[in-house]
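Heads up: the structure comes next, in structure tokens.
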Amino acid sequence: MKSELEAIVEELKRLREEGVSYVNVSGKTLQYLKNATIEGQWMEAASPPEAGSSVAVEIPDKVRSASPEEFDRLLREEVGEKPNAPTSCSSSLGSPPVFSLGEGDKAQRWEALREIVLNCPVCQKHTRKGFKTVFGVGNLDADIFFCGEAPGGDEEEQGEPFVGKAGQLLNKMIKAMGLGREQVYIGNLMNWRPSLPARVGNRPPTREEMNFCLPYLIGQIEIVKPKLIVALGATAAKGLLGFDLVRSLREVKGVWHEFANTPLIPTYHPSYLLRNDSKRDKRAVWEDLLKVMDRCELPISEKQRQYFL
Ligand code: URA
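Here the sequence shown is numbered in the working numbering, starting from 1 and rising by one per residue.
Put into structure tokens, the structure is as follows:
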């Protein structure tokens, strides 16, 4: 039970950081949440919605305006969990993997690393039966390395990052830059979909999970040697840059940082844009992508400069 609550708390914290006040949950999730709360007091739905329907749940004001620590405590209270309950995501994964990138050209080293990751016992253990561990894809000579958070349902099914709805939007973003998906590299912090026993929605990876997979991501960056990395979303930004929870993505996005000796710019995750269909947020992401294009010396037309204005 705790791991589901932990996952929900993590996800709501992430959404809150991105400025979201309302979340849509499926009928099944709502029912699950209601079961997990004291008499469903967190939500007001009197009866369970139809399976498959979607319900907007308001994050209570006192929770929304709290400091991060308060937020965590209040939310745990709201979902009926003891404030100091140990988190169930803290089970040890063991030390992050140590491996050598081996000899050969880029393609050979990439293939060798891919084999290591797909055969990694910890990745295999955490990948759901019948689904796939996910390794990065793309052009090994790419200038741009997009880094997301973790595979979702579509990705674990197909074994490729960003192939679901967020991936389709990412493809459009890449196209708007005048590029094709095959010209960039796309990876994730995580190689498996963070487990959620009820398999409702996704949860962000824990710090321990991210730390375990990080060497695999660094390996890909070392092979591709991109000109820059675009970190998609708060979790990727935090996982790569080690921000404390207090700084929101809003504060750090659009600014150049560095990871693995490579310039890195954080921006909003495509899923965030899918949830918040606002021109302002699209423009905010687009401005970051204009910076990326500029740094990669890609041609920028007047029309491109004006997108979402
Ligand atoms: N979100 C991510 O962060 N990565 C994916 O691969 C898909 C969705």
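Where is the CB? At the ideal position from N, CA and C, for every residue including glycine.
These numbers come from a predicted model, not from an experiment.
>> Going by beta-carbon coordinates alone, are residue 109 and residue 135 separated by less than 8 Å?
In response: no
>> Need the endpoints of the alpha helix (DSSP H) that residue 235 sits in, please.
In response: 234-241
> Relative to the C-alpha of residue 122, which residue among 234, 102, 184 and 208 is closest?
Replying inline: 208
> Roughly how many angstroms separate the alpha carbons of residue 182 and residue 138, rounded to a whole number?
Replying inline: 6 Å
>> Comparing C-alpha positions only, which one of 308, 291 and 210 sits nearest to residue 227?
In response: 291
> Roughly how many angstroms lie between the CA atoms of residue 223 and residue 106, to the nearest whole one?
Replying inline: 6 Å
>> On the criterion of 16 or more Cβ atoms from any shown chain inside 10 Å, does residue 143 qualify as buried, or is it exposed?
In response: buried
>> Can you find the residues in the same chain that come closer than 6 Å, C-beta to C-beta, to residue 205, ignoring five residues on each side of it along the sequence?
In response: 150, 190 and 194
>> On a Cα-Cα basis, can you pick out the residue from 119, 221 and 177 that is closest to residue 188?
In response: 221
>> Between 295, 279, 93 and 99, which has its C-alpha nearest residue 218's C-alpha?
In response: 99
>> ligand 1 and residue 325: does any heavy atom of the ligand fall closer than 7 Å to the residue's C-beta?
In response: No answer is possible for residue 325: it lies beyond the span of the chain, which begins at 1 and ends at 309.
>> Could you tell me the alpha carbon to alpha carbon distance between residue 178 and residue 255, rounded to whole angstroms?
In response: 22 Å
> Which partner residues of residue 148 appear in the DSSP bridge assignment?
Replying inline: 188
> Is residue 153 near ligand 1, in the sense that its beta carbon is under 7 Å from a heavy atom of that ligand?
Replying inline: no
> When the Cα atoms are used, what is the spatial distance from residue 104 to residue 261?
Replying inline: 22 Å
> Closest to residue 230 by CA distance: which of 251, 269 and 215 is it?
Replying inline: 269
> Since residue 257 sits in a beta bridge, which residues does DSSP pair it with?
Replying inline: 264
> Roughly how many angstroms separate the alpha carbons of residue 264 and residue 147, rounded to a whole number?
Replying inline: 10 Å
>> Please state the DSSP three-state secondary structure of residue 179.
In response: coil
> Would you say residue 166 touches ligand 1, meaning its beta carbon is less than 7 Å from a heavy atom?
Replying inline: yes
>> Quick check: what's the CA-CA separation for residue 171 versus residue 216?
In response: 23 Å
>> I'd like the list of long-range same chain contacts for residue 116, defined as Cβ closer than 6 Å, with 5 residues on each side in sequence excluded.
In response: 99
> Using a threshold of 7 Å, is the CB atom of residue 276 nearer than that to any non-hydrogen atom of ligand 1?
Replying inline: no
>> Quick check: what's the CA-CA separation for residue 210 versus residue 306?
In response: 37 Å
> For the alpha helix (DSSP H) that contains residue 108, what are its first and last residues?
Replying inline: 106-118
> Going by beta carbon distance, what residues of the same chain come within less than 6 Å of residue 84, once the five residues before and after it are set aside?
Replying inline: Low per-residue confidence applies at residue 84: pLDDT is 42, beneath 50, and the placement is therefore not dependable, though the value from the model is reported in the following sentence. Excluding sequence neighbours, residue 84 sits near nothing in its chain.
> Going by the beta-carbon positions, is the gap between residue 111 and residue 132 smaller than 8 Å?
Replying inline: no
> Terminal residues of the continuous alpha helix (DSSP H) containing residue 290?
Replying inline: 279-295
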